[in-house]
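Just below is one structure, and these are the notes that go with it.
Numbering (this note's numbering), first residue to last: 336 to 519.
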C-alpha cells in the first residue's frame, strides 16, 4: 500500500537475515554436528515436514486475515484496527510463529537436536525474549596431561563417551555414504 509509512529496511532487515541464517543452520546442522543426531526415521522426517508446511499455512492465513492491511514491510496506519479474528484470536503474531514453525520443522525433518536448539534460540531472540545459552556437553577423551592416568573415571565411562565421539561418527557416516574411502 503506497499510503502507508514504512519502517526503513522493513521486515526483511529485521527478520530476513536471522530467519535465513536459522534455516541454513537447521538444514546443515546434521552434517556439522553429527553427534546431535536424533533417532531418525521416516516418521520423524514426515513430522518435521508437516510442521514446516503447517507453519507456511499459518503464515499465509495471517496474510489473508489482514487483507488490505497486510504489507511485507513493517507499516501501520492510524486507522488500522487491532485484528482479533482468524489466527490472531489464538496468537498475537501468527506470521512470525509460522516462520518459527517452518525453521523448527526443517530442523526436525533433518533429525538434529543442534539445528532445533539454534532455531529455537534465534526465534526466542527475534521475539524479544533475550539471548539463549546453548550448552554443548563435551568429554575430554584423553587426560589433562601425558602423566594423567585418568583414575577418576571408569573404563566403561570412557568407552561410552568414545562411542559418541562426533569426529568418529562423522567419519563412519562419510564411509557409509561412500563419500570417503578408508584410504582417504
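Using N, Cα and C, we set each Cβ at its ideal position, and we do this for glycine too. Owing to the predicted nature of the structure, the values given are computational and were not obtained by experimental measurement.
Figure out for me which residue from 432, 400 and 433 has the closest Cα to the Cα of residue 417.
Looking at the Cα atoms, 400 is the closest of the given residues.
Quiz prompt | Sufficient close CB pairs (3 or more, under 8 Å) joining the stretch 423 to 440 to the stretch 453 to 473 | solution = Yes, since at least three Cβ pairs between the stretch 423 to 440 and the stretch 453 to 473 fall closer than 8 Å, the two stretches touch.
Just curious, the alpha helix (DSSP H) that residue 400 is in, first and last residue?
377 to 401 is the span of the alpha helix (DSSP H), which, as asked, contains residue 400.
If you draw a straight line from the C-alpha of residue 346 to the C-alpha of residue 425, how long is it? Low confidence applies here, because residue 346 scores a pLDDT of 48, under 50, leaving its location unreliable; read the following figure in that light. Rounded to whole angstroms, residue 346 to residue 425 spans 22 Å at the Cα level.
Q) Which of the three DSSP states, helix, strand or coil, is assigned to residue 510? A) Note: residue 510 maps to helix in three-state DSSP.
Could you pull out every residue in the same chain whose Cβ sits closer than 6 Å to the Cβ of residue 380, ignoring the five residues on either side in sequence? For residue 380, where only same-chain residues beyond five positions count, the Cβ hits under 6 Å are 444.
Given a threshold of 16 other Cβ atoms within 10 Å of its Cβ, counted over all protein chains shown, does residue 397 qualify as buried or as exposed? With 16 or more Cβ atoms within 10 Å of its Cβ, residue 397 is classed as buried.
Could you give the distance in angstroms between the alpha-carbon of residue 406 and the alpha-carbon of residue 453?
-> Whole-angstrom Cα-Cα distance: 28 Å.
(Q) Within the continuous alpha helix (DSSP H) that includes residue 436, where are the two ends? (A) Judged by DSSP secondary structure, residue 436 falls within the alpha helix (DSSP H) whose first and last residues are 429 to 444.
Under DSSP, the alpha helix (DSSP H) around residue 470 begins and ends at which residues? Boundaries cannot be given for residue 470, as no alpha helix (DSSP H) includes it and DSSP labels it neither H nor E.
- Which stretch, first to last residue, makes up the alpha helix (DSSP H) that contains residue 495? Per DSSP, residue 495 belongs to the alpha helix (DSSP H) from 490 to 498.
Close beta carbons around residue 467, own chain, < 6 Å, minus the five adjacent residues each side: Taking C-beta separations shorter than 6 Å and ignoring five residues to either side along the sequence, the partners of residue 467 in its chain run 456 and 459, following chain order.
Practice prompt. Put residue 349 into one of helix, strand or coil per three-state DSSP.
Written response: Residue confidence is low: residue 349 scores 47 on pLDDT, short of 50, so the model does not pin down where it sits. No coordinate-derived value is stated.
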